[in-house]
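So the structure is just underneath, and the comments pick up after that.
Protein chains: 2
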Amino acid sequence: MEPPAQPKRVTIVDVARHAQVSTTAVSKVLRNAYGTSPEMRAKVRQAIDELGYRPFAGARGMRGQTYTVGVMLPDIRNPFFPDILDGITDALWDTDYRVLMAPGRNGEEAEAKVTDAMIDRGMDGLILVAPISPRSHLESVAGVVPTVVVGRHGQSAAYDTVSDDDLAGAALIVDHLADLGHRRIAHIEHAETDPSRLAEMPNAIRADGYRRAMRARGLEEEIAVVSTTYTQEGGYLGAQQLLARDPRPTAIFAGADIVAMGVLQAVSEAGLQVPGDISITGYDNTTFAALGPISLTSVDQAGRLIGANSAQLLIARIRDRTRPTAQIKFSPTLVSRRTSSPPPS
Amino acid sequence: MEPPAQPKRVTIVDVARHAQVSTTAVSKVLRNAYGTSPEMRAKVRQAIDELGYRPFAGARGMRGQTYTVGVMLPDIRNPFFPDILDGITDALWDTDYRVLMAPGRNGEEAEAKVTDAMIDRGMDGLILVAPISPRSHLESVAGVVPTVVVGRHGQSAAYDTVSDDDLAGAALIVDHLADLGHRRIAHIEHAETDPSRLAEMPNAIRADGYRRAMRARGLEEEIAVVSTTYTQEGGYLGAQQLLARDPRPTAIFAGADIVAMGVLQAVSEAGLQVPGDISITGYDNTTFAALGPISLTSVDQAGRLIGANSAQLLIARIRDRTRPTAQIKFSPTLVSRRTSSPPPS
DNA sequence: GTGAAAGCGCTAACAT
DNA sequence: ATGTTAGCGCTTTCAC
């Protein structure tokens, strides 16, 4: 029944013999290296096709590259991250590079285990998306293998970065709500205690952006921040606190869409109408936000663009490890939906 | 500024020298192989710790294993699939195996590219989640590397399978709705034309399960199926068709939660109340379903369990390639939420 | 432009 | 129980 296990993998030696050339020649053709005549290339390519040869990355990695890029994502459930992964995968689809991903599981220890595993597996480069690891760990990883860090502000000489302007994104929300006539705009943030991350993590920047934007609109008196976590429950608990205040806010800016989900539930349980009694906004423009029954006003970070640019930076760094590091920042856009409207009069 | 690139990677030779033993000894300790005294093990372990040695998978893969398991997921945006990945990752977390994942991108060609890439990278085993590739491709992959196929019914001598009983799941929904008093229960399925997949793909089985359950309840006259796709748009369009019928159904069983999202939107646009005017159910019990404002009745497939069992089957097969293939099937459970209630009187 | 040969880090026969 | 040695499949000097 069982198909007889394939005889043996075709190797570069088989190709060389079949094409009547040396293995060196095959290797060179494979890598488009210098020193091959057009005739040789043709012969080798034909032999490769005829034999169905595919190079074995493990062996390649012992001397050269594995043509593999590792991506660490913190949380594939947040639909924003798959966008980034798609951007990376698309950008590399027609190259020899392949993308392999592992979940970072939101822990320093777990992240270290993942980055180690990727290094040990000979990845040519790493893209770390919104890592929570301390800077020192990121730099030591980047010292071993070309690395791009996505979604953390602050620059490093050791790795390139790609991020979205969270400061501007928070301002988009505050301005949108203030333009609608809101004054008592509250914010639910993800508590950040570690001082080194305070300056780099998106959540901290969003909270900072909220405060700045409020001041810029002359609403410093109305600044109201509740610290919970970027989870549905964090939103639920945060909203309960805010709704208990007197006067209660007319708008809640949740730091992430998933937080807004919890807020919506708390608001609904409190018997309030959205947006009639209170406006709600999220951040990330995830699939959640777009769902018909939800229709959440949110901030869109071009995830695919972020991913595509990360991939390009990484490939550039793999080619030239000494090039100066780059920091790419994208501007977010506001997506206005049904959960925001002028405040009750 | 830049931390000076690490001198050189520590190799098994360094460990051997430092521990005053042979490289063979180190290799054996690493693999818990036969023929090492406790003293030797202690010495080697200490040297490994002192030098911070970590084996290089590429080199290992040339002779033995890479201790890497590849997982292909069709769609990380469907929150059901991350559950499976978590189950796999958790099950292998405390072993030497590491899990690397790649998106299958819902295409035969893309899936082939991904499985090839994983084979070329020396994966010890593959877990293919809900692949759409034809059986022949799955079998040829399984002929090269130990493989577990998740979420496809039907057995093979070449690979193990783990799936959830979609026939039973569909019956759970139909019975739930019928028990509530519904008779005109409609179903939105994902169109399946390929005959070979008709018998294996979960979507086809769910539609079949719906028909069987309706007959079992004496509702064969009421069977109403619309074929679209398992997407939000598919749900939207499918629901529009169903709502235009006279008499219109009192309940819609969407084949997947994401489909139900589109249904909810269409129903809302038609000015109908859920569940007052019409009951809606999904399938997969995704994060969507649990969101406060959605609260969708759905079918839960224990994703983590499926993942954990896949991992165990795979490791067992890696250890013994000749063991007979196993087929594990789990029973789904109904999660009743606010979108289902008795029909309007 | 081309190829012979060394060697990457590890595992597995095969001694001892 | 321990060590010696020959590769695994590829890339990379370095001759020609």
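Heads up: the protein sequence lines correspond to chains H and W, in order. For the numbering used here, add 749 to where a residue sits in the first sequence, where the first one is 1. For the numbering used here, add 749 to where a residue sits in the second sequence, where the first one is 1. Just so it is clear, CB atoms sit at the ideal spot from N, CA and C, and this is done for glycine as well.
At what residue ranges does the region 987-1016 of chain H contain a whole run of the beta strand (DSSP E), taking only runs of 3 or more?
-> 1000-1003
Report yes if the C-beta of residue 931 of chain H is less than 8 angstroms from at least one heavy atom of the ligand ZN; otherwise report no.
-> The ligand ZN is not part of the structure shown, which contains no ligands of any sort.
Going by beta carbon distance, what residues of the same chain come within less than 8 angstroms of residue 974 of chain H, once the five residues before and after it are set aside?
-> 935, 936, 937, 938, 956, 959 and 960
Residue of H:838, H:880, H:885 and H:857 minimising C-alpha distance to residue 863 of chain W | H:838
Residue closest to residue 1079 of chain W, alpha-carbon to alpha-carbon, out of W:1094, W:1056, W:1068 and W:1093 | W:1056
Whole alpha helix (DSSP H) runs in the region 940-976 of chain W with 4 or more residues, listed along the chain?
-> 944-947 and 951-965
Can you name the residues that DSSP bridges to residue 789 of chain H?
-> Partner(s): none; residue 789 of chain H has no beta bridge.
Cβ-Cβ distance between residue 872 of chain H and residue 815 of chain H below 9 angstroms = yes
CB of residue 851 of chain W within 9 angstroms of CB of residue 950 of chain H, strictly = no
Can you give the Cα-Cα distance for residue 923 of chain W and residue 1049 of chain W, rounded to whole angstroms?
-> 15 angstroms
Cα-Cα separation between residue 868 of chain H and residue 1037 of chain H, rounded to whole angstroms | 34 angstroms
In terms of residues, what are the limits of the alpha helix (DSSP H) holding residue 920 of chain H?
-> 915-929
Kindly indicate if chain W contains any beta-carbon less than 9 angstroms away from that of residue 959 of chain H.
-> no
Ordered list of alpha helix (DSSP H) runs contained in the region 864-893 of chain H, each at least 4 residues | 884-893
Would you say residue 1040 of chain W reaches chain H, if we count a Cβ-Cβ gap shorter than 9 angstroms as a contact?
-> yes
Scan the region 819-863 of chain H and note each continuous alpha helix (DSSP H) run of 4 residues or more that stays entirely inside, going in chain order.
-> 829-841
Boundaries of the beta strand (DSSP E) in which residue 1077 of chain H is found, first to last residue = 1076-1079
Limits of the alpha helix (DSSP H) - the one that residue 726 of chain H falls within | Because chain H here runs from 750 to 1094, residue 726 of chain H falls outside it and cannot be looked at.
Taking 9 angstroms as the cut-off, decide whether the C-beta atoms of residue 825 of chain W and residue 1054 of chain H are in contact.
-> no
With a cut-off of 9 angstroms, does the C-beta of residue 951 of chain W fall near any C-beta of chain H?
-> no
Quickly, what does DSSP pair residue 1055 of chain H with across the bridge? List them, please.
-> DSSP lists no partner for residue 1055 of chain H.
Does the beta-carbon distance from residue 1005 of chain H to residue 979 of chain H come in below 9 angstroms?
-> yes
DSSP-derived helix/strand/coil call for residue 937 of chain H = strand
With a CB to CB cut of under 8 angstroms and the five nearest residues on each side skipped, what residues in its chain are close to residue 774 of chain W?
-> 765, 768, 785, 789 and 793
For residue 984 of chain H versus residue 1009 of chain H, is the C-beta distance shorter than 9 angstroms?
-> yes
Among H:1089, H:943 and H:1068, which has the Cα closest to the Cα of residue 1003 of chain H?
-> H:1089
Could you work out which residues of chain W lie near residue 1095 of chain H, taking near to mean beta carbons separated by less than 8 angstroms?
-> Nothing about residue 1095 of chain H can be read from this structure; chain H reaches only from 750 to 1094.
In chain order, what residues of the same chain have a beta carbon less than 7 angstroms from the beta carbon of residue 952 of chain H, not counting five sequence neighbours either side?
-> 938, 939, 941, 979 and 1004
Inter-residue Cα distance where the pair is residue 1014 of chain W and residue 997 of chain W = 17 angstroms
Exposed or buried, what is residue 878 of chain W when buried is set at 16 or more other beta-carbons lying within 10 Å of its beta-carbon?
-> buried
Taking DSSP as the reference, what is the three-state secondary structure of residue 1023 of chain W?
-> coil
With a cut-off of 8 angstroms on the beta carbons, I'd call residue 860 of chain H and residue 885 of chain H a contact; round off their distance for me.
-> That belief does not hold up - the Cβ atoms of residue 860 of chain H and residue 885 of chain H are roughly 13 angstroms apart, past 8 angstroms.
Under a CB-based cut-off of 9 angstroms, is residue 865 of chain H close to chain W?
-> yes
Contacts that residue 1076 of chain H makes with chain W (C-beta to C-beta distance below 9 angstroms) | Going along chain W, no residue has its Cβ under 9 angstroms from residue 1076 of chain H, so there is no contact; the nearest lies around 15 angstroms.
Go ahead and label residue 908 of chain W buried or exposed: buried means 16 or more other beta carbons lie within 10 angstroms of its beta carbon, across all protein chains shown.
-> buried
Under the three-state DSSP convention, the category residue 766 of chain W falls into | helix
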